[in-house]
Structures are given as C-alpha cells and as structure tokens.
Ligand SMILES: [Zn+2]
Ligand SMILES: [Zn+2]
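Protein chains in written order, with this note's numbering: chain W, 1 to 486; chain V, 1 to 486.
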C-alpha cells in the first residue's frame, strides 16, 4: 500500500497527459498549419456533439443512424480520403434499395418463401425446379402486375435483404443466436439475386461506386467465389467468378483513374468438414498462382462461436507451408465474448499460422500473449464497430475493446464488414463510431490520418504499390485539408 | 504484412496456451491435491453453467439474480472465505427488507413524500418541522393503523430504498442520468432511517452480520460520518459517529472472534466547494490522528461525470503532504465512459496524489500510462461488477474492462459498492460475476484464492496485521477446501 505523500507538480502532470495522448493511434502525427486549423474545427464539433443528450456511439446504430447523418463530423468524414476498406464481404456492399429497385424488377426473376419466412430468388428462362422447404416459385413480374400497390411487397423484400429495421432492434434481435440466424437467412436471400451473371457484374461495379463515392480508394474483399449462373441454369467455376471480379475492377479503375484497385481474399464457410477445407486450400493455392494480381489470400467465414475452431483445420492450413507455396492468411478470429472456449483460441492460432491481419479480434484484450504478438509483429486488427454492435458483442461502442487498443496505438484498421446488412454504406459510419466513440474527446485529426495510412500500410499491396497508393492518398488528403480548413 | 509461412508446433502451442493462462490473476497459484479436486469440480460446474441458454453475466443483474441464487457455483462462493470487502458505502450494506420490517415499524417514525415522489424519514418525539418540497410528515404507526392491508405500503417503502426492481430495469432506468438521480434520491430516503442513533448502531451491526454470514472477515467502509441524531432532534459530531463505528466493530468482533475487523475511509461528496473540501481534509487529518485504529484514509463520493474533477481540489488534497501528516487516499476514479473529459483525468490525478487504491477504475484500459503506473506501483482497482452494470457503464459483464485486466493479473480486488441498493448482499454475487463473467472458462480456484489474498494484501492494514489476517484466512480456506473437495 502506497503511503508516502505527494503533491503533484502541475507541469509534470501536463507532461504526463501529453505523453499519454501521444501514445494513441495518430498521437505522434505532426500536423501542418492547415491541418491544425481543421483539427481545431473538428475539436469544436466534437465538443458540441458530446454535449448533446443523445450520444450516437452509446446507441444502437439503427437508432443512431439518422443522428449520425445529421452530424457535421460525419459530413467531414464522408469527404475525408479514408484510404482502403480491408474487411468487407462480397454480398453485403451495396445498398439493398438498389437490389429491390434495379434487380428484382428485371424479367425472369422468381421468388419463393421458405418455411421459416425468409425468401429466395432465382433468375431463370423457365419455371425453376421447386426448392425444398419453400413455397412454389412465383415470377415477380407476374406478381407485381396483379397488385394494386407494390410498395408493401418491395418493403417486405427489402426487409428480407438486410438486418436493418426501424423497429426496436433489441426486440427484433434479442440474442446473438437470433441475430446470427437472421444474418445467415438474409445472406441466402441475397445469393440468388447477386450471383446471376448480368446482375453480378453490375452489383460489384455498384459496390465499388458506393465506396468510391465515400472516398475510399482501395478495397480488399472477402469472396466466397460461388458459382455465377446464367438464365438457362448453366453455371461457371470459381476461376470465372474471380476473373469477373478482376475484369470489373479493371473497368472501374479505367473509369476512375484515382481509384487504386481491388484485391480479394478467398473465403470458405467454417462449417465445412476437413476434406472440403483441404480442397478449398488447394484451390486457393491454384488461384493464387493463376491470379496473383487480384488474389490476396485465404480466410474462413461464418459465426465463430458455432463453427469449428481454426485448430481443427490445422492440416489443411499447413498445406501451403508444406508445399512451399506462399498463401497469406487473413483470419477472422476472436469475434466472440465467450472466454476460454476452444473457439477462443482462434486468436492465438491465427497468429501461429502467421496471419497477415486479424478480422475483428474483439477478444484480444483478454489474451495478453496474443495481444503482444499482434503488436510486435504488426498484425493489424480489422475493427468493424457497427458490425460488432449489431451482432450483439457490445452495446455501448465506448466500451468496444478497440478503444483501449487505440489508446496505445495497437495496429488497427477500421472497416465496415457488411455495411448493407447493417443499414450503413461505405466506411464513414464506422469511422464516425471509431473517431467519436472509441476516441472520445482526445482523438484528433492525427488519429484519422493515421487510420487512413494504416489502411494502406496493413493492406496486402506490395511495398511498392503501397508507396504509390500513399502518394495518391496524400494528394487527396492535402486537397481535403485545404478545402475544409478555415 | 507477414508473409512467411508457418506450421505451428502443437507442443509450442500448448506451451503458449499455458503461458497465457498463467498470466491471469491467480495463474501462478500452486494448488494442493485437495484444491485440485475442488478445482475439477468447479470446472465441471462452470462448463454446465456456460452451456445453459441464459448466461447470468450477460444479463442485467436484476434479471440474473434468481438464476445466480440457484447456481451451484454461487453456493460454493458463498461458503468460500473471501477475505475483505474493500469498497462499500455506509448506507447500503443492509438488505432493505430489514429496514422496512425492523426500522420503519418503530414508534416515532415519520415519513413524507417529496415533490419528485421520493420519500424521507425522521424519528422524532414530536411532529418534526416541515421539509421543503415535501408533503406534511405522517407518523407511520398512525398511517398503518388506519390501513386494512399494509403490504402495499411496505412494498412502496422498500422500492424507495433500493434500485432493485422486478420490472424491466432497462425501462425503469433508461439512462445513466436517470439511474444516478434515482440512486441519490434513494440514498436520501435511507438517510433519516439509518442516522437515528439507536437504528444506526443496529444497522451497522446488522451490516457486519450480513458480510460475516457471507464469509467476509474484514471490511473497509466509505463513510460520510454524517450527524447521528436523537429522538429529541439533538445531533452528534463526526467524532461521535466514528466512535460509534469503532464501538460497534469491537462489539461485533468480541461476539465473532474469527472476524478480523473494520476500518473506515472518511468520504465527502465531490459536489462541495473548495473551502468545504479544505475543511473536510483538515477534519480527516484530525480524525486520523485521534482514531488511528479505525481511520484508514480519505475519499470523495458522488457521480464523477457530474461532479468536479479531483484536480479542482488539488490545494485541499495537498494539505496533508504540506503539513507532513500521513493521509492515505482511496479515490474513486475512472467510474465513467466519457473519454477525454476533465473528469477522465481523475485516474491519472489519483495516481499523482499517490492514491492507495482506485475505486472502480472502469476507464483504466483507455489510459495506458495510468494503467502502467497502477500496475507498477501495485495500486489495486476495487472492481464492483454489479454496481458498474446497474449504473449503466456496461451491459454484458463479459465486456467489463476488468476481464482484460485480470487476464494479465493487474492488481484488483472485487467488491460490491452498495449491495443493498442493487438487490445483492455481501460479496458473493460480485465474486460470481467476476469468476464466471470476467474469467470465462479459464479462471479457476487459483483465481479465487488470489482474489481473496489480494483483498488482504491491498487492504489498509499494517504489514503485521496483514500477516495475522492471512493466517486466519488460511485456516478458514483449508477448512473450506477440505469440506468441499471430493
Ligand atoms: Zn467479416
Ligand atoms: Zn463507490
């Protein structure tokens, strides 16, 4: 027990406060005069925002979204060049309104309703074969023709494609089990719509547009490389899907020269058995060889708590090393708050398999050894605040573990996981939660700058590509600062 | 970006898992054979408990309480010798049922109802002077005599003395502001009941009994040292109150030789102005000199977010050092999730004033420098899980920051703050939340043992007293183990 008395020296106190502030993400960034002016503006905005009765990061995002939309900080974050989005999933990057209005209105679009009241879609030139546990297929064109008012139908379709709801989210999704079940059902509803060849191309182009509009210059996308199908029911292999991603990315880049590009992380559902996993890793190695530009590496998706732990797949995951084939891993790990389970070892195991980054890493602060390894090796956490809140890992985002990690500049990037599923879009909403929620009053323009730089430094780009991307980003950043600093 | 491949060695992996487990609170405790048998039993209980659908630490305590009561882990924790309770407040250590049934039924007990529908009490030999913003005083004896059924009245009184409710706590207390306002009103309602001289003695004795029954052997109590009053309206000074604490403690110890004792921390509301604070510190120094056995030190109470920061009182708090008078501090600090505010500096300032322990320290993980200081200096956090949940700092106790801190054996003790206010009693409920909620599957009997030892090691007892207390505790512990290990 400390018993010696102490009169703190105010100057020493100031020095310690500054020292602690300098330890945070971006705490050592030196700001130019213009940046300092912008930072002063931001500081004022944040003080005003914190003084209001409703503090958005403490609220469920579904209820906070409109408040955030009206926030001057959010407007600024939208304009800010945010660098890359490194944790996104293929089927949830486009506003579902676009799918309802542009996709379900196309001819040959069939829908059926499952026993558990979800929906499925397929495009087909003739009546598709019936689906198990589903109503007979109805052609949407015919259904809509018979209706006086299609708004209700369209709303119902939209609600089946996203978790977002204007009802009370706590009542609609009372537990992690319920929200994960809904999440997977909605993913299956999206599947038939998006994987139809003509839609697929437009969907991906639209997704890139939404991120580009949100001032994101680079994207790394987790992709299932599922079969793309045609109207006659014929399907393509995973190489075709990957090539399509590559073609559309190049086309998008040709139309938007200041967009840096896309890389993809081939992902497989963690529910598969060992032999399927082995096949997937072998396929990943082949794709990595055939498409070195766009293929970034390998990951698993699906709910960790109900799936198999990484360690169960250690044989399959050891294949690349055994064969001397480079295969970067980008594992989801620690997206759980059950401590001490088999699944809770995923963080350490991901690091033992030399993962390049960690998806979420929500449980990291409870794993001091994994935390230390991740820090020393520069294995960045892909932090997706809104996703973690909607999937019920944490209620008040000020309590998100990344708040503590960012207070000591642990390597992190901010991403949005499945923005369309959460009623968000692009990266700005998640940047808002991170900046205002995790950072509190103390985080500043330097923190934002560091997060943007992190998203390039921790990307799968080669060092040379990173330099190029950083140079491009710096130009955008300077423009942003000069246009917004007064 | 890490790109070299790795095949993890299972033996190295095991070693790392064990290393990480050994870093947690109690991770290095060596268990005897009997302890190992008890630990195996505990592990089985915990696995069964975690597999159930409703996981109490994830639920609001008001809803979880009955589940916890029925838990075999909880029964064991009740029997376990827990050492000391180091963070408690004077007016909230006794089950309110006792107050309703034993205190409000005494003669001369007057009650009035305030404008904001709280209640106040006073014992008085004649009709007391009217209170501002309150209904006329009614003598409860007369009121009850006129009623056919007093149950409703008694229930209403009880509800006014505790935050606990069987209604939906989220609906009753939707925000931190609401719950803190209710907390302070209920404290004022308790005041008139407890500070009446005859009640005060019995109340404190009853409080010690409740902790003793819960196998707590030592108590450090934050006390306001408010005026004790008599039936004729006369009042006593703070020395009288302190002497009463000392007398009752000695009496309790005489009746229970295996109870180690009580020390008190003189506390003043942080809402006061600088000159009142100076007066309080001066009074504390005098009391420390006059009652060295029972006086442990000084603290401030009341909601940090709405009160003045510690730094505002730096002149008063520097007085003991200036005068060379020993005055241990036990500051509440960091009981907030607003980051970067003036109040959020309390953690660092408490440490700069050489605080002996930190009350709550909820914000510590966001202050890497304060965290490091607290660790290196062995300044323990008094972690009160149920209090933090009811006061709406954190919803799911698995996300409590202490989970991360305990995974690396940061100095902590577990306490219950205001158990009667939260519908809890003693320490066992909070030990349950810490052991099952923070610790997950991984924490074990060694963690519990360490927490009990911590509560003596980080107490304000002298080193010699600590040795005595530890020896007494060890005897109890051995008995507990031998009676429960099979
Ligand atoms: Zn993801
Ligand atoms: Zn307290």
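In this text, a Cβ means the ideal position worked out from N, Cα and C, and glycines have one as well.
Among 296/W, 287/W, 307/W and 281/W, the one whose alpha carbon lies nearest that of residue 316/W
281/W
In the structure shown, what three-state DSSP assignment does residue 212/V receive?
helix
For residue 1/V, does the count of other Cβ atoms within 10 angstroms reach 16, so buried, or fall short, so exposed?
Unreliable positioning characterises residue 1/V in this predicted model, as indicated by a pLDDT of 46, which lies under 50. The coordinate reading is nonetheless provided below. It counts as buried.
Nearest residue (CA-CA) to residue 428/V, options 37/V, 40/V, 391/V and 73/V:
73/V
Kindly examine ligand 1 and report whether one of its heavy atoms sits closer than 7 Å to the Cβ of residue 359/W.
yes
Do you know whose CA, among 21/V, 87/V and 362/V, lies nearest residue 340/W's CA?
21/V
Per DSSP, what kind of secondary structure is residue 30/V in: helix, strand or coil?
coil
Going by the C-beta, is residue 222/V closer than 7 Å to any heavy atom of ligand 2?
yes
Does the distance from the CB of residue 346/W to the CB of residue 304/W come in under 8 Å?
yes
Neighbourhood of residue 313/W by C-beta, 6 Å cutoff - its chain only, sequence neighbours within 5 removed
277
In chain order, which beta strand (DSSP E) runs of at least 3 residues are fully inside the stretch 113-140 of chain V?
119-123
List the endpoints of the continuous beta strand (DSSP E) containing residue 89/V.
84-89
Coil, strand or helix - residue 281/V by DSSP
helix
Contact check, residue 432/W vs residue 68/W, beta carbons under 8 Å:
yes
Are there any heavy atoms of ligand 1 lying less than 7 Å away from the beta-carbon of residue 166/W, as far as the coordinates show?
no
Below 7 Å, is the gap between the Cβ of residue 87/W and the nearest heavy atom of ligand 1?
yes
Mind listing which residues of the stretch 452-480 of chain W have their C-beta closer than 8 Å to chain C's C-betas, in chain order?
Considering every chain present, this structure includes no chain C. Its protein chains are W and V.
Would you please verify whether the beta carbon of residue 2/W is less than 8 Å from any beta carbon of chain V?
Residue confidence is low: residue 2/W scores 46 on pLDDT, short of 50, so the model does not pin down where it sits. Its coordinate-derived value is still stated next. Interface residue, yes.
Contact set between the stretch 250-281 of chain W and chain V, restricted to residues whose Cβ is under 8 Å from the partner
none
So residue 147/V contacts chain W; which residues on that side make the cut at Cβ distance below 8 Å?
In chain order: nothing, as chain W lies at least about 39 Å away.
For a contact defined as C-beta to C-beta under 9 Å, what are the partners of residue 395/V on chain W?
394, 395, 396 and 399
If you reduce the DSSP assignment to three classes, tell me which class residue 50/W lands in.
helix
Just grab the DSSP bridge partners of residue 235/V for me.
229/V
Looking at residue 305/V and ligand 2, is the gap between the Cβ and the nearest heavy atom below 7 Å?
no
Given the structure, does residue 332/W come close to ligand 1, in the sense that its CB is under 7 Å from one of the ligand's heavy atoms?
yes
Compute the distance between the beta-carbons of residue 245/V and residue 219/V, then report whether it is under 8 Å.
no
Does the stretch 405-423 of chain V touch the stretch 36-48 of chain V, meaning 3 or more C-beta pairs lie closer than 8 Å?
no
Members of the stretch 401-419 of chain V near chain W, C-beta cut-off 8 Å
401, 403, 404, 407 and 408
Run down chain V in chain order and give the residues with a C-beta less than 9 Å from the C-beta of residue 292/W.
Neighbours of residue 292/W on chain V: none; closest Cβ ~13 Å, over 9 Å.
Below 8 Å on C-beta distance, what does residue 322/V contact in chain W?
7
Between residue 335/V and residue 360/V, how many whole angstroms is the CB-CB distance? I'm expecting something under 8 Å.
4 Å
Taking all protein chains shown into account, decide if residue 87/V is buried (16 or more other Cβ within 10 angstroms of its Cβ) or exposed.
buried
Rounded C-alpha distance that separates residue 369/W from residue 16/V
8 Å
Is it the case that the CB of residue 430/W approaches a heavy atom of ligand 1 more closely than 7 Å?
no
Quick one: is the Cβ of residue 417/V within less than 7 Å of any heavy atom of ligand 2?
yes
Reducing DSSP to helix, strand and coil, say where residue 331/V ends up.
coil
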